[in-house]
Amino acid sequence: NEVKKEKMSDLLGVVPSVLFAPESLLSVKGSPGERRRILDIVLCQMSRKYLYDLQKYNKILKNKNILLRELQTGARHQEQLEVWNESQAKAGATVIGERKSIVTSLEKRMNRLLQGISDGRERINLKYKTLEDEDKPLYETLLNAIEKNSGREIEQGSCLIGPHRDDLEIYVNQRNSRVYCSQGQQRSVALAMNIAILEELEDKLGKAPILLLDDVMSELDEKRQRYLFDVIEKRQTIITTTEKSKFEKPGEKMISYIQVKDGKIVESHPG
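Under the numbering used here, the residue at position 57 of the sequence shown is numbered 137, and the numbers go up by one with no gaps.
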């Protein structure tokens with residue numbers, strides 16, 4: 081609305097969206113960082129508070145890492161580390177709590193979706209892997225672990241404990257999907273996760289996010305394509321593809337086609 085935004089983060093949640101691309105499979109078979117990033121993007125679109133909490137935690141990490149490297153050379157006193165440890169544990173506990181909450185909700189949605197895709201043959205479990213002690217508050221557990229590993233952190237010059245090292249493990253029929261699932265099963269999990277995220281944003285924000293499909297049909301078999309088409313029909317979707325025929329519907333007036341060549345729009349027309 082012609083209002084200038086100073087930072088990219090100011091745009092998060094303004095036009096909520098979910099991207100489903102070939103690299104979405106990284107949510108299943110990629111690194112822990114890929115899965116943490118997915119959770120953070122969803123939460124940041126839903127909550128400005130979470131965005132602030134995450135930025136605060138990352139700033140603490142940055143400053144503490146500087147201190148750890150300075151402690152290696154004796155340029156700073158170790159007493160200063162105690163203050164940063166407490167700040168990191170407090171901010172980290174907040175981030176972990178929010179992530180665990182969204183994981184619980186996504187698991188219920190993904191289970192329903194995956195059973196639909198697999199005709200009831202597969203069940204899913206999500207496990208957010210972090211430091212936990214049932215007898216202690218999360219803040220206290222984090223702080224104890226951080227203090228216990230202070231020597232190692234100084235030696236390596238970086239923070240070794242906290243939500244920046246956590247992982248989201250995805251299990252299908254009690255087996256870790258990253259290790260044991262077939263490529264087809266991994267695609268089903270990725271599809272279920274993206275649709276679950278779409279539903280989560282829709283419910284929490286009270287408006288439908290835009291679904292972005294970046295050349296994903298080549299990654300899905302016919303059955304999974306049909307399942308995705310059912311989702312597309314109910315929502316605003318932007319699709320990039322080299323196979324226009326897959327999406328053509330005679331007489332459909334709600335579809336607009338844009339042809340891009342060499343980075344430029346060469347043709348645009350309604351369905």
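Even glycine gets a Cβ: it sits at the ideal position worked out from N, Cα and C.
Span separating the alpha-carbon of Cys-239 from that of Ser-257: Against the sequence shown, residue 239 aligns to sequence position 159. Against the sequence shown, residue 257 aligns to sequence position 177. Computed Cα separation, rounded: 28 Å.
Under 7 Å Cβ to Cβ from Ile-234, same chain only, skipping five residues before and after it: list those, please. What you label residue 234 is simply residue 154 of the sequence shown in a count that begins at 1. Around Ile-234: Leu-148, Leu-151, Gln-152.
With the cut-off set at 9 Å, would you say Glu-32 and Leu-105 are in Cβ contact? The first residue shown for the chain is 81 and the last is 351, placing residue 32 beyond what the model contains.
Do Asp-133 and Val-183 have their C-beta atoms closer together than 9 Å? Position 53 of the sequence shown holds residue 133. Position 103 of the sequence shown holds residue 183. Against a cut-off of 9 Å, the Cβ pair of Val-183 and Asp-133 comes out as no contact.
Looking at C-beta atoms only, is the number of pairs between the stretch 216 to 223 and the stretch 162 to 176 that lie closer than 8 Å three or more? yes
Since Leu-206 and Leu-186 should fall inside the 8 Å C-beta cutoff, what is the C-beta to C-beta distance between them, to a whole number of angstroms? To locate residue 206, count along the sequence shown from 1; it is residue 126. To locate residue 186, count along the sequence shown from 1; it is residue 106. 6 Å between Cβ atoms; contact.
Output needed for Pro-112: all residues of its chain with C-beta closer than 6 Å, excluding positions within five of it in sequence on either side, in chain order. Within the sequence shown, the letter at position 32 stands for residue 112. Closer than 6 Å at Cβ, skipping near neighbours: Asp-247.
Assess, as a yes-or-no matter, whether the stretch 154 to 161 is touched by the stretch 208 to 218 under the definition of 3 or more beta carbon pairs within less than 8 Å. no
With DSSP run on the structure shown, which of helix, strand or coil describes Thr-320? The sequence position of residue 320 within the sequence shown is 240, counting from 1. Of the three classes helix, strand and coil, the one that applies to Thr-320 here is strand, per DSSP.
What does a CB cutoff of less than 8 Å around Val-98 pick up in its chain, not counting 5 residues either side in sequence? As a position in the sequence shown, residue 98 is number 18, starting the count at 1. Result list for Val-98: Asn-274, Ile-277, Leu-278, Leu-281, Pro-289, Ile-290, Leu-291, Leu-292, in chain order.
Roughly how many angstroms lie between the CA atoms of Lys-142 and Gly-200, to the nearest whole one? For the purposes of this step, residue 142 is taken as residue 62 along the sequence shown, with counting starting at 1. For the purposes of this step, residue 200 is taken as residue 120 along the sequence shown, with counting starting at 1. Those two C-alpha atoms are separated by around 46 Å.
In chain order, which continuous runs of the beta strand (DSSP E) of length 3 or greater are located wholly inside the stretch 231 to 273? 247 to 252
Which same chain residues end up closer than 8 Å to Ile-318 when comparing Cβ atoms and leaving out the 5 residues on each side of it in sequence? Locating residue 318 in the sequence shown gives position 238, counting from the first residue. Closer than 8 Å at the Cβ level, and outside the excluded window around Ile-318, lie Ile-290, Leu-291, Leu-292, Leu-293.
Go ahead and label Lys-144 buried or exposed: buried means 16 or more other beta carbons lie within 10 angstroms of its beta carbon, across all protein chains shown. As a first step, residue 144 must be located in the sequence shown, where it is residue number 64. Looking at its Cβ environment, which holds 16 or more other Cβ atoms inside 10 Å, Lys-144 is buried.
Return the residue from the list Ala-101, Arg-115, Phe-100 that minimises the CA-CA distance to Ser-107. Mapped onto the sequence shown, residue 107 falls at position 27. Minimum Cα distance to Ser-107 is reached at Arg-115.
Let me confirm a value: Pro-243 is counted as buried when at least 16 other C-beta atoms fall within 10 Å, else exposed. Which label applies? Taking the first residue of the sequence shown as 1, we reach residue 243 at position 163. Buried: at least 16 other Cβ atoms inside 10 Å.
Among the residues of its own chain, which have a CB less than 8 Å from the CB of Gly-264, if the five just before and after it don't count? The sequence position of residue 264 within the sequence shown is 184, counting from 1. Once the five neighbours on either side are set aside, the close Cβ partners of Gly-264 are Asp-301.
Thinking C-alpha only, which one of Gln-236, Gly-237, Ile-241, Lys-216 is nearest Lys-228? If you number the sequence shown from 1, residue 228 lands on position 148. With distances taken between Cα atoms, Lys-228 lies closest to Ile-241.
Taking only three categories from DSSP, how would you classify Gln-168? Taking the first residue of the sequence shown as position 1, residue 168 is located at position 88. Gln-168 falls in the helix class under three-state DSSP.
Span of the beta strand (DSSP E), counted from its first residue to its last, around Asp-294: Here residue 294 refers to the residue found at position 214 of the sequence shown. Here the beta strand (DSSP E) through Asp-294 covers 290 to 294.
Per DSSP, what are the beta-bridge partners of Asn-205 in this structure? Start at 1 with the first residue of the sequence shown, and residue 205 comes out as number 125. According to DSSP, which records beta bridges pairwise, Asn-205 is partnered with Tyr-251.
For the alpha helix (DSSP H) that Leu-119 lies in, which residues bound it at each end? Sequence index remark: in the sequence shown, residue 119 carries index 39 (1-based). Run containing Leu-119: 112 to 126, per the alpha helix (DSSP H) assignment.
Which value, in whole angstroms, describes the spacing of the CA atoms of Tyr-260 and Asp-310? Residue 260 sits at position 180 when you count from the first residue of the sequence shown. Residue 310 sits at position 230 when you count from the first residue of the sequence shown. Looking at the two C-alpha atoms, the distance is approximately 29 Å.
In the DSSP assignment, the beta strand (DSSP E) including Lys-314 goes from what residue to what residue? Stepping through the sequence shown from its first residue, residue 314 is reached at position 234. No beta strand (DSSP E) holds Lys-314; DSSP gives it neither H nor E.
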